[in-house]
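For the sequence shown, my numbering gives the first residue as 13, with consecutive numbering after it.
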Amino acid sequence: MAKSPAAIFYDSAGTEKATGSNPVAVGGLDDQQQVRTLATLSDGTVKVVVGGRQRDMVTGKLFNGTNFNMAVNGSATPVNFQFQALTDYNLLLSQLRFVFVPNVLKVDNLSFGAFLALANGVRVAVTENGIEHVLGLLKQSEDIFAFSCGIDPIIEVNLTANDMVVFGINFAEGMKLYAGTADKVEVRIQDNLTNQGAAYLRHFSATLIGVKEI
Numbered sequence: 013m014a015k016s017p018a019a020i021f022y023d024s025a026g027t028e029k030a031t032g033s034n035p036v037a038v039g040g041l042d043d044q045q046q047v048r049t050l051a052t053l054s055d056g057t058v059k060v061v062v063g064g065r066q067r068d069m070v071t072g073k074l075f076n077g078t079n080f081n082m083a084v085n086g087s088a089t090p091v092n093f094q095f096q097a098l099t100d101y102n103l104l105l106s107q108l109r110f111v112f113v114p115n116v117l118k119v120d121n122l123s124f125g126a127f128l129a130l131a132n133g134v135r136v137a138v139t140e141n142g143i144e145h146v147l148g149l150l151k152q153s154e155d156i157f158a159f160s161c162g163i164d165p166i167i168e169v170n171l172t173a174n175d176m177v178v179f180g181i182n183f184a185e186g187m188k189l190y191a192g193t194a195d196k197v198e199v200r201i202q203d204n205l206t207n208q209g210a211a212y213l214r215h216f217s218a219t220l221i222g223v224k225e226i
């Protein structure tokens, strides 16, 4: 396989900071048939290069106000957790990862973690260029595993008296949030996920990973 071309990086003043003479390809070709590469600058920051253009990685949790723990009561009024489009750059979506920590993980068609199967479900959607795409509706534990795409679920059983599942999806189709728009990634809680006696969620959160299109 042919090596990726050398990558040269500049700071805001236009001074060359580092040269990657042999960048390491990650993920192969993207949807535009361009090689994704990584290089570490002299200040220790890691940059992503796609087709010779420098891109900064972005990682952030989905929030409702200042809260990112989605173990809330959305049965009467749905509660939305969102990651909004950036104001200055388009954001190419790479991965959406969930951490789900029930006190007991029951895997049957009657349960969501330790809860009974949800009546309305956890709704996952992306608004791209003003158009909403619903990616999934999670109502029972099996839906967690069916939803995962490109990420093998990680399961820890009886982890300090709780179980844990890490799951999510890779955005292989190159979806993006357009800068300065109402585009967003959203998880909507439509049921009561607060403590219910013997059934509870210790923690439930979602993290988005992407790269700025510079």
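By construction, the Cβ of each residue, glycine as well, lies at the ideal position given by its N, Cα and C atoms. Owing to the predicted nature of the structure, the values given are computational and were not obtained by experimental measurement.
Per DSSP, ILE181 is one residue of the beta strand (DSSP E) stretching across 174–182. Residue environment for GLY125: buried (at least 16 other C-beta atoms within 10 angstroms of its C-beta). The three-state secondary structure of SER217, taken from DSSP, is strand.
Under DSSP, ILE167 forms a beta bridge with VAL177.
According to the DSSP assignment, GLU198 belongs to the beta strand (DSSP E) that extends over 196–201. As the crow flies, the alpha-carbon of ALA97 is around 27 Å from that of VAL177. Scanning its chain for C-beta atoms nearer than 6 Å, with the 5 sequence neighbours on each side dropped, one finds around ASP68 the residues LYS224, in chain order. Straight-line measurement puts the Cα of SER217 at about 14 Å from the Cα of ASN85. Within the DSSP bridge table, the entry for GLN107 names ASN182, ILE221 as partners. Under a 10 Å Cβ-count criterion, ALA83 is classified as buried, with 16 or more other Cβ atoms of the shown protein chains found around its own Cβ.
For PHE157, the uninterrupted alpha helix (DSSP H) run begins and ends at 153–159, by DSSP.
Look at VAL70 here: in three-state DSSP terms it is strand. Between THR219 and LYS73 a beta carbon distance of about 5 Å is seen, short of the 8 Å cut, so the two are scored as contacting.
Exposed is the label assigned to THR78, since fewer than 16 other Cβ atoms lie within 10 Å of its Cβ. With a contact defined as Cβ atoms closer than 8 Å, PHE159 and PHE183 miss out at about 13 Å.
When the beta-carbon positions are compared, GLY222 and VAL70 come within less than 7 Å of each other. DSSP, read as helix, strand or coil, puts ILE226 in coil.
If the five residues before and after ASN102 are omitted, its C-beta is found closer than 8 Å to the C-beta atoms of LYS188, LEU189, TYR190, ALA191, LYS224, GLU225, all from its own chain and listed in chain order. C-alpha of CYS161 to C-alpha of LEU105: approximately 14 Å in a straight line.
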